[in-house]
């Protein structure tokens with residue numbers, strides 16, 4: 150910095166001795182071309198600086214950015230006006246004496262001083278960009294009017310034949326001194342902060358300080374002093390642009406790109422680590438997925454068959470518990486060695502974690518050795534290798550494996566995860582059948598399909614023969630009175646077998662029976678409300694009904710419910726429809742439409758199993774619900790502080806939204822006391838009553 154100052158001072162000293170009065174342009178038009186190019190270049194650089202400021206990241210958090218945007222926007226305008234109002238150019242509104250051009254010039258140079266001050270002291274302008282540009286526009290228009298319409302009111306800056314006048318000279322000196330001082334201060338800060346941006350800006354300030362001396366000394370607009378001053382000015386602007394572009398745009402993007410490269414490298418390294426099992430060195434679950442996806446995605450003219458064998462060691466936990474995990478790890482390494490020895494070409498081995506191993510092996514189209522026989526033979530080899538004895542401290546350890554086998558083909562439309570799930574089903578079927586054996590997925594799937602088909606057939610008959618029934622579980626207010634019941638579906642087959650709702654309801658939904666079942670539940674519940682209208686106690690109860698996803702048809706469900714209410718002359722306020730979070734998140738907009746239509750029937754809604762989903766909070770305020778039902782898993786975990794905290798949070802949320810709360814799964818007096826002490830409105834559970842047939846429900850307001 151010191152050498153730059155010395156050189157500029159020397160050059161300025163000698164330049165000022167000879168440049169003034171040395172006319173280098175004999176024709177004013179020649180100088181006018183050069184002058185216009187200089188000013189347009191400066192205006193273009195100022196505009197580019199504004200664009201740099203606008204393109205930087207986190208504009209609102211960058212110090213002095215908005216101040217620079219405003220100042221350089223005005224500088225660009227002033228430089229253009231200065232060029233357009235210069236003598237010899239077409240008149241800018243009014244005649245173009247040199248005083249007009251000098252006015253716009255001095256405004257632009259004063260704004261340069263403001264820019265250096267803004268960078269030094271990090272001056273912030275707390276305005277949004279639209280308002281800021283509006284202010285800039287207003288100031289620019291005002292200055293244009295002052296410099297043109299009211300030009301006669303301006304001081305005299307230049308007199309032909311006499312040269313520059315004191316106002317112009319003193320202002321240029323003041324601007325020069327200000328730029329010089331700010332340049333020194335910027336350089337000191339640049340050294341302290343190790344900022345290349347401020348260092349380059351400091352150079353620009355020194356260059357402009359030197360330029361102002363030339364602009365204060367010319368006697369003829371066409372002389373060398375004017376030319377040198379403009380040359381220093383555009384050099385300073387170039388420094389400014391490069392400094393701001395580098396610091397605000399280039400360097401952050403270089404850092405971002407470097408960060409992305411490091412991230413990708415780390416991701417690649419992590420993937421390589423993830424593809425290998427740390428204990429055995431075999432491929433991991435990630436590597437298995439990659440292999441399967443490559444095989445199934447290969448679509449050649451000939452389809453290739455493969456077998457995925459998934460093995461889980463039988464009784465491996467007993468070895469860990471008896472001999473310790475270190476011994477278990479040694480056994481896993483021993484098994485890995487045995488598997489490596491039996492591995493043939495094109496076989497791939499994997500350890501999926503714990504005591505699970507997998508192998509992917511190609512199968513050959515062979516008339517004498519069918520595909521399934523080959524796969525079973527591979528499974529037997531797999532198990533023999535696993536069951537090789539391992540001698541540990543004079544103790545022979547030996548395990549067998551249950552193996553699930555699934556056969557797949559290249560070009561098959563199946564995801565690796567789905568294929569592994571199929572192998573898992575076959576594996577656990579092998580364990581259920583006695584372990585130490587292999588089971589094929591096809592066989593297990595067939596067994597499951599047969600079971601499902603049998604249940605579906607029975608369920609259709611149950612609907613036709615009225616084998617379904619409703620049980621009712623009382624809902625208790627905090628003061629112990631019964632306020633309603635929840636209708637719960639039950640199914641006993643013709644041979645007396647009780648089928649769990651958890652088993653037959655999913656089957657009904659998958660096979661299109663849930664709408665018919667749901668309609669039956671609605672009709673029976675509304676009939677029951679109609680009957681209870683004559684009961685002295687139960688006429689005050691409501692019935693809570695679970696609504697399934699397949700019932701949520703906006704064209705059908707509201708109409709059907711309205712018809713039932715009218716048919717049985719029941720008021721909708723005696724019904725409460727319960728919806729799960731999962732149902733709502735599947736199609737929130739349709740759910741809201743159905744709920745809104747049904748709410749007009751005076752039917753309330755409750756959000757069931759609240760707290761177990763993940764989407765309801767974002768839509769809770771949009772849903773026309775009246776109650777939240779706390780899932781019984783939280784109630785069962787009341788001995789844990791986390792469950793207590795969740796329940797209290799749900800109760801607080803409900804209170805803030807003016808919703809009532811029902812706690813499910815109350816099984817003890819302590820749970821009931823906790824819930825009521827925290828402001829829970831209603832409770833239900835085995836502590837009060839199991840689900841009961843309608844004839845067994847209490848006749849009084851309270852149980853017992």
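Numbering (the numbering used here), first residue to last: 150 to 853.
Glycine is no exception: its CB is placed at the ideal position from the N, C-alpha and C atoms.
Query, Result
"What does residue 250 pair with, by DSSP beta-bridge criteria?", "In DSSP, residue 250 forms no bridge with anything."
"Report the CB separation of residue 297 from residue 243 in whole angstroms; it is logged as a contact under 8 Å.", "5 Å"
"Could you check what DSSP says for residue 796 in three-state terms: helix, strand or coil?", "helix"
"Between the stretch 425-441 and the stretch 523-543, are three or more C-beta pairs nearer than 8 Å?", "no"
"Sorted by chain position, which residues of the same chain lie with C-beta nearer than 8 Å to residue 754's C-beta, five sequence neighbours on each side aside?", "725, 726, 727, 728, 744, 747, 748, 772, 773, 774, 775, 776"
"Which parts of the stretch 769-828 are runs of the alpha helix (DSSP H), unbroken and 4 residues or longer, counting only runs that do not cross its ends?", "781-785, 790-805, 818-826"
"Given that a residue counts as buried once 16 or more other Cβ atoms are within 10 Å of its Cβ, and exposed if not, what is residue 837?", "buried"
"Ignore the nearest five residues each way along the sequence and tell me which others in residue 447's own chain have a CB closer than 8 Å to its CB.", "453, 559, 560"
"The beta strand (DSSP E) that contains residue 525, what's its start and end?", "Counting along the chain, residue 525 falls outside any beta strand (DSSP E), though it belongs to the alpha helix (DSSP H) covering 520-535."
"How many angstroms separate the CA atom of residue 620 from the CA atom of residue 687?", "15 Å"
"Between residue 395 and the rest of its own chain, which residues show a CB-CB distance below 8 Å, the 5 nearest in sequence each way excluded?", "345, 346, 349"
"When the Cα of residue 502 is compared with those of 374, 437, 510, 495, which residue comes out closest?", "437"
"Where do the N-terminal and C-terminal ends of the beta strand (DSSP E) with residue 500 fall, by residue?", "497-502"
"In the DSSP assignment, find the unbroken alpha helix (DSSP H) run with residue 684 in it and report its ends.", "Here residue 684 belongs to no alpha helix (DSSP H), and DSSP marks it neither H nor E."
"What is the residue span of the beta strand (DSSP E) that residue 630 lies within?", "Run containing residue 630: none; DSSP gives neither H nor E here."
"Taking the DSSP output, what are the residues bridged to residue 591?", "Residue 591 is not bridged to any residue."
"Taking only runs of the alpha helix (DSSP H) that begin and end inside the stretch 421-450, which ones reach a length of at least 4 residues, in chain order?", "434-446"
"By the DSSP assignment, the alpha helix (DSSP H) with residue 328 in it spans what residues?", "315-342"
"Which same chain residues, not among the five before or five after residue 609, have their C-beta less than 8 Å away from its C-beta?", "662"
"Roughly how far, in whole angstroms, is the beta-carbon of residue 364 from the beta-carbon of residue 384, given that I think they are within contact range, below 8 Å?", "So it is not a contact: roughly 14 Å between Cβ atoms."
"Give me whichever residues DSSP pairs with residue 454 in a beta bridge.", "512, 558"
"Decide yes or no for the touch test of the stretch 627-635 against the stretch 685-703: beta carbon pairs closer than 8 Å, at least 3 of them.", "yes"
"Suppose you measure from the CA of residue 305 to the CA of residue 320; what does that come to, to the nearest Å?", "12 Å"
"Since residue 727 is in the beta strand (DSSP E), which residue starts that stretch and which ends it?", "724-729"
"Excluding the 5 residues preceding and the 5 following residue 572 in the sequence, name in chain order all residues of the same chain whose CB lies nearer than 8 Å to its CB.", "457, 458, 459, 507, 553, 554, 555, 590"
"What number of angstroms, rounded off, separates the C-alpha of residue 635 from the C-alpha of residue 602?", "30 Å"
"At which residue ranges does the stretch 657-683 contain complete alpha helix (DSSP H) runs of 4 or more residues, listed in the order of the chain?", "663-681"
"Bridge partners of residue 695, per DSSP?", "727"
"For the alpha helix (DSSP H) that contains residue 348, what are its first and last residues?", "345-364"
"Residues bridged to residue 641 by DSSP?", "647"
"For a test of the three-state rule: what should DSSP assign to residue 565, helix, strand or coil?", "helix"
"Could you have a look at residue 243 and say whether DSSP puts it in helix, strand or coil?", "strand"
"Just the C-alpha distance for residue 403 and residue 519, rounded to the nearest angstrom, thanks.", "60 Å"
"Enumerate in chain order the residues of its own chain whose CB-to-CB distance from residue 666 is below 6 Å, with the five nearest sequence positions on each side excluded.", "657"
"Contact between the stretch 252-262 and the stretch 322-339 is defined here as three or more beta-carbon pairs at a separation below 8 Å; is this criterion met?", "yes"
"Taking DSSP as the reference, what is the three-state secondary structure of residue 756?", "strand"
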